[in-house]
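Undergrad: Chains as they are written, first to last, in the numbering used here: chain A, 5 to 333; chain B, 5 to 333.
Beta carbons are placed, not taken as given, at the ideal position from N, Cα and C, and that holds for glycine.
Computed from a prediction, not measured in an experiment: that's the story for all the values here.
There are 2 protein chains.
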Amino acid sequence: MKAKQSIEDLVKELLGGSVRAAGRLITLVEANDSLVPDIMKLIYPHSGNAYVIGFTGAPGAGKSTLVGKLAKLLDSKGKKVAIIAIDPSSPFTGGALLGDRIRMMEDVGIKQNVFIRSLGSRGEMGGLSEATYRVANVLDAFGKEFIFVETVGTGQAEIEVTKLADSVIVVLSPGMGDEIQTLKAGTMEIGDIFVLNKADQAGAESISASIQTALHWAAKHGERMPTLVKTVAIKEQGIEDLWKELELHRAYLIESGQLKIRREKRIRMEVCKLMEDKLARHFNKFTCESPDFEQGIKEVSTDNKNPCQQAEILLETFMSFLKQGDSEK
Amino acid sequence: MKAKQSIEDLVKELLGGSVRAAGRLITLVEANDSLVPDIMKLIYPHSGNAYVIGFTGAPGAGKSTLVGKLAKLLDSKGKKVAIIAIDPSSPFTGGALLGDRIRMMEDVGIKQNVFIRSLGSRGEMGGLSEATYRVANVLDAFGKEFIFVETVGTGQAEIEVTKLADSVIVVLSPGMGDEIQTLKAGTMEIGDIFVLNKADQAGAESISASIQTALHWAAKHGERMPTLVKTVAIKEQGIEDLWKELELHRAYLIESGQLKIRREKRIRMEVCKLMEDKLARHFNKFTCESPDFEQGIKEVSTDNKNPCQQAEILLETFMSFLKQGDSEK
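(1) State yes or no: is the C-beta of I163 of chain A within less than 8 Å of the C-beta of H253 of chain A?
(2) Just the chain A side, please: which residues come within less than 7 Å of T291 of chain B by C-beta, in chain order?
(3) Which residue or residues does DSSP assign as beta-bridge partners of V175 of chain B?
(4) Please confirm if the region 258-278 of chain A is in contact with the region 195-212 of chain A, defined as three or more CB-CB distances below 8 Å between the two stretches.
(5) I271 of chain B versus chain A: which residues are under 7 Å apart at the beta carbon?
(6) Going by other Cβ atoms of all chains shown within 10 Å of its Cβ, with 16 needed for buried, is T155 of chain A buried or exposed?
(7) Below 8 Å, how does it come out for the region 30-46 of chain A and the region 304-321 of chain B: are there three or more Cβ pairs, yes or no?
(8) Return the Cβ separation of R270 of chain A and K167 of chain A in integer angstroms, given the expectation that the two are a contact with Cβ distance under 8 Å.
(9) What does the Cβ neighbour count give for K67 of chain B, buried or exposed, with the cut at 16 atoms within 10 Å?
(10) If we count the other Cβ atoms within 10 Å of its Cβ and call it buried at 16 or more, is K248 of chain A buried or exposed?
(11) In chain order, what residues of the same chain have a beta carbon less than 6 Å from the beta carbon of G261 of chain A, not counting five sequence neighbours either side?
(12) If you draw a straight line from the C-alpha of A135 of chain B to the C-alpha of A54 of chain B, how long is it?
(13) Evaluate T97 of chain B with the Cβ neighbour count: other Cβ atoms within 10 Å of its Cβ, from every protein chain shown; 16 or more gives buried, anything less gives exposed.
(14) With 16 other CB atoms within 10 Å as the buried threshold, where does C276 of chain B fall?
(15) Apply the 10 Å Cβ neighbour rule to N201 of chain A and answer buried if 16 or more other Cβ atoms are within range, or exposed otherwise.
(16) At the level of alpha carbons, what is the spacing between S38 of chain A and G20 of chain A?
(17) Can you give me the C-alpha to C-alpha distance between G300 of chain B and K73 of chain B, rounded to a whole angstrom?
(18) Where does E259 of chain B land, buried or exposed, given buried means 16+ other C-beta within 10 angstroms?
(19) Given Y256 of chain B, which residues of its chain have a CB within under 6 Å of its CB, disregarding the five upstream and five downstream residues?
(20) Beta-carbon within less than 8 Å of L123 of chain B's beta-carbon, same chain only, minus the 5 sequence neighbours each way: which residues are those?
(21) May I ask you to report which of helix, strand or coil DSSP gives Q313 of chain A?
(22) In chain B, what lies closer than 7 Å to L2 of chain A by C-beta?
(23) Determine, using beta carbons only, whether K282 of chain A comes closer than 8 Å to chain B.
(24) Around the Cβ of G242 of chain B, are there at least 16 other Cβ atoms within 10 angstroms (buried) or fewer (exposed)?
(25) Check L338 of chain A in the structure and name its three-state DSSP category.
(26) Answer yes or no: does any C-beta atom of chain A fall closer than 8 Å to that of G52 of chain B?
(27) Apart from the five residues just before and just after K84 of chain A, which ones in its own chain have a Cβ nearer than 8 Å to its Cβ?
(28) Taking 6 Å as the limit between beta carbons, can you name the residues of its chain near I238 of chain B, skipping five residues before and five after?
(29) May I ask you to report which of helix, strand or coil DSSP gives R270 of chain B?
(30) Compute the distance between the beta-carbons of L318 of chain B and F287 of chain B, then report whether it is under 8 Å.
(31) Count the other CB atoms, across all protein chains shown, that sit within 10 Å of the CB of P178 of chain A; report buried if there are 16 or more and exposed otherwise.
(32) Mind reading off the beta-carbon distance from S51 of chain B to D144 of chain B? Whole number of angstroms is fine, and I expect it under 8 Å.
(33) I want to verify the contact list: residues of chain A whose CB lies under 8 Å from the CB of M279 of chain B, in sequence order.
(34) Measure from the alpha carbon of N36 of chain B to the alpha carbon of each residue in B:A213, B:V174, B:R285 and B:S324, then state which is nearest.
(35) Taking just the CA atoms, how far does S10 of chain A sit from R272 of chain A?
(36) Hey, how far is the Cα of I57 of chain B from the Cα of V153 of chain B?
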């Protein structure tokens, strides 16, 4: 009862604008604490207003700088911004990356009121963890109007961010050598806005032309063609243009009804992830703890029982195990 | 009834030594045909005798040549050998790789009685597909004494092959540039025997010394230290030494009781994979077809219901869906 009381207090503080409460609640929902269902029950009615912008692209394109500069611009316009940075879950590089990132944010001069949080990715392939959705919900309830989600831009997270975000920005830069590779590998299909950062560097014109061509190919039937914005984030050039493109894209999404569709997809993804997560936990518990499972495995080893049939039988045992777990609650 | 009859005939032919029947049954179990449970029921009592050897290592180390030469040696000793080659599931490269592999096998002069089959990997990361276990069971029942499983040696398959194989051979070569990287990235923990192939090339001595040092580090408490064999597969040098090491490792596994433990682990893995596979199919069916799921998602979108609670409720709906599916069978 005491814990629940303090959660209600924390959420009240969050809704009242307490940065400390936001930080504590994010820590709880990220850790997948047992209080999560209670927290989300209180949070959810206050969320659904934030606009989520996903940033992806290969390392070295200047993504973090761009994210920082755009946050600074929106902050100067009086908008409330939060940044969720997805870092690879490595105990070695994680800390270093986070340090770099925070230093970068300080460099670009973001004020206290831009909320920055670094989250680990799920697994080696860098998928978005289920916690990303919950953290976004907390920031949403906290009153943030824009939530930036920055991924490492390799692997699974890049695809998954498209399911979480309202607008997806793909950041490219000249001289990366593998631009055309990047464009080929499915990246063209996920971007709503492409940013050619470091546009003052050699080769910018030719890569810009390649991207323009690729955009025509990437345009989906009946949907808006993605646009290209050139920036030099480090010099704060083109950031205002990017903001204008974002506003245009948002207006398009609202008018076309696409925003509603995207958000329904996001909810579907979130609920599926939650269900899969719960199911996987129950399954691990079953295979680790159930004497029935042990007995079933033993029968295959010693009595030469058919694994296919045994899997079928054990799946039914697992279902009874689930039911039992329910009644124990 | 007719299908079942012909499966019984096929299995009879398999047990009688028909290569054609083996090929057809493998195709059926690989395709995850609806007849799989019936096939496995007939196959399983005749399996459990084959010794499974996993081969892994970075591309370019000469793995396929080594596998071919070892198969040729065992064949000349009158042993019955089958090769399962795991290829990345790419519609583009898959065919080419398979072509290369078959040409390579022809080059090394493997006779008709070495059974070779190429299997796709699971997903982009190249995990072993669940079908690998079933194909190994068919080849086992077919009377093959040694089943070689060759993986592409990157990603998930490398780890998973250790759970399928009795002995794991890691193939390395000098001049690959990233040998030390390879040794660092967890490969040292999975090998029972390390092969330094292309041992006549420059740099072989120094990499050999590095591996020897690493083997001391890799030795698990109470377990046999992995050994190193030098080969020049293309010149058929060291293949007999590798075979001797394999025999020593097998003798060790039997005497120490480790073989029994490894096979129990393999069965556990196989049953878990089967259960997960079935569960995932049911889950996909539920999210694609169930009107209850659609309704649940809709309630989150329109009535602003909490996704956490909704996932909990839908998980119970999913369990009823599973039960229902059972009664429909």
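TA: Let's see:
(1) Taking the first sequence and counting its residues from 1, one reaches residue 163 of chain A at position 159. Taking the first sequence and counting its residues from 1, one reaches residue 253 of chain A at position 249. Contact flag unset, no.
(2) Position 287 of the second sequence holds residue 291 of chain B. Those are C276, listed as they occur along chain A.
(3) Stepping through the second sequence from its first residue, residue 175 of chain B is reached at position 171. Paired residue(s): B:V199.
(4) Proximity of the region 258-278 of chain A to the region 195-212 of chain A falls short of the contact definition, fewer than three beta-carbon pairs being nearer than 8 Å.
(5) On the second sequence, residue 271 of chain B is found 267 positions in, with the first residue counted as 1. Neighbourhood of I271 of chain B in chain A, by CB distance below 7 Å: I301, V304, S305 and P311, in chain order.
(6) Position 151 of the first sequence, counted from the start, is the residue given in the question as residue 155 of chain A. T155 of chain A comes out buried.
(7) They touch, by the three-pair rule.
(8) Counting from 1 along the first sequence, the entry for residue 270 of chain A is found at position 266. Counting from 1 along the first sequence, the entry for residue 167 of chain A is found at position 163. Contact flag correct, Cβ pair sits at about 6 Å.
(9) The count along the second sequence starts at 1 and reaches residue 67 of chain B at position 63. Label assigned to K67 of chain B: buried.
(10) Here the question's residue 248 of chain A lines up with position 244 in the first sequence. When all chains shown are included, K248 of chain A counts as exposed.
(11) What you label residue 261 of chain A is simply residue 257 of the first sequence in a count that begins at 1. Apart from the 5 residues on each side of it in sequence, G261 of chain A has no Cβ closer than 6 Å to any other Cβ in its chain.
(12) As a first step, residue 135 of chain B must be located in the second sequence, where it is residue number 131. As a first step, residue 54 of chain B must be located in the second sequence, where it is residue number 50. Distance between the alpha carbons of A135 of chain B and A54 of chain B is about 17 Å.
(13) Taking the second sequence and counting its residues from 1, one reaches residue 97 of chain B at position 93. Note that T97 of chain B has pLDDT 37, beneath the 50 cutoff, so the model's placement of it is unreliable and the number below is only indicative. Per the 10 Å Cβ criterion, exposed.
(14) Residue mapping note: residue 276 of chain B aligns to position 272 of the second sequence, counting from 1. Here C276 of chain B is buried, its C-beta having at least 16 other C-beta atoms within 10 Å.
(15) For this step, residue 201 of chain A is matched to residue 197 along the first sequence. Classification for N201 of chain A: buried.
(16) Translated into positions along the first sequence, residue 38 of chain A becomes position 34. Translated into positions along the first sequence, residue 20 of chain A becomes position 16. Between S38 of chain A and G20 of chain A, the C-alpha separation is close to 24 Å.
(17) To locate residue 300 of chain B, count along the second sequence from 1; it is residue 296. To locate residue 73 of chain B, count along the second sequence from 1; it is residue 69. Each residue's alpha carbon lies about 59 Å from the other.
(18) For the purposes of this step, residue 259 of chain B is identified with residue 255 of the second sequence, where counting begins at 1. Under this definition E259 of chain B is an exposed residue.
(19) Taking the first residue of the second sequence as 1, we reach residue 256 of chain B at position 252. Correct list, in chain order: R228.
(20) The residue you call residue 123 of chain B lines up with position 119 of the second sequence. Closer than 8 Å at the Cβ level, and outside the excluded window around L123 of chain B, lie E34, I88, A89, I90, D91, S133, A135, T136 and V139.
(21) Here the question's residue 313 of chain A lines up with position 309 in the first sequence. When secondary structure is reduced to three states using DSSP, Q313 of chain A falls in the helix class.
(22) There is simply no residue 2 of chain A to check, as chain A begins at 5 and stops at 333 in what is shown.
(23) Here residue 282 of chain A refers to the residue found at position 278 when the first sequence is read from its first residue. The beta carbon of K282 of chain A sits closer than 8 Å to some beta carbon of chain B.
(24) On the second sequence, position 238 is the one that residue 242 of chain B refers to. Buried.
(25) Outside the shown range of chain A, which is 5 to 333, sits residue 338 of chain A, and nothing can be said about it.
(26) Taking the second sequence and counting its residues from 1, the one referred to as residue 52 of chain B is at position 48. G52 of chain B counts as touching chain A.
(27) Counting from one through the first sequence, the residue named residue 84 of chain A turns up at place 80. Cβ within range, chain order: N117, G147, K148, E149 and F150.
(28) If you number the second sequence from 1, residue 238 of chain B lands on position 234. Hits under 6 Å: T69.
(29) Position 266 of the second sequence, counting from 1, holds the residue named residue 270 of chain B. R270 of chain B carries a helical assignment under DSSP once its states are collapsed to helix, strand and coil.
(30) On the second sequence, position 314 is the one that residue 318 of chain B refers to. On the second sequence, position 283 is the one that residue 287 of chain B refers to. Not a contact, by the Cβ cut-off of 8 Å.
(31) The residue given as residue 178 of chain A occupies position 174 in the first sequence. By the neighbour-count definition (other C-beta atoms within 10 Å, threshold 16), P178 of chain A is a buried residue.
(32) The residue given as residue 51 of chain B occupies position 47 in the second sequence. The residue given as residue 144 of chain B occupies position 140 in the second sequence. Contact between S51 of chain B and D144 of chain B holds, since their C-beta atoms are separated by about 4 Å, short of 8 Å.
(33) Indexing the second sequence from 1 puts residue 279 of chain B at position 275. By Cβ distance, chain A contributes F287, A315, L318, L319 and F322.
(34) Residue 36 of chain B sits at position 32 when you count from the first residue of the second sequence. Taking each of B:A213, B:V174, B:R285 and B:S324 in turn and checking the Cα distance to N36 of chain B, the smallest one comes out for B:R285.
(35) Taking the first residue of the first sequence as 1, we reach residue 272 of chain A at position 268. Taking the first residue of the first sequence as 1, we reach residue 10 of chain A at position 6. Those two C-alpha atoms are separated by around 31 Å.
(36) To locate residue 57 of chain B, count along the second sequence from 1; it is residue 53. To locate residue 153 of chain B, count along the second sequence from 1; it is residue 149. In this model, I57 of chain B and V153 of chain B are separated by some 6 Å (Cα to Cα).
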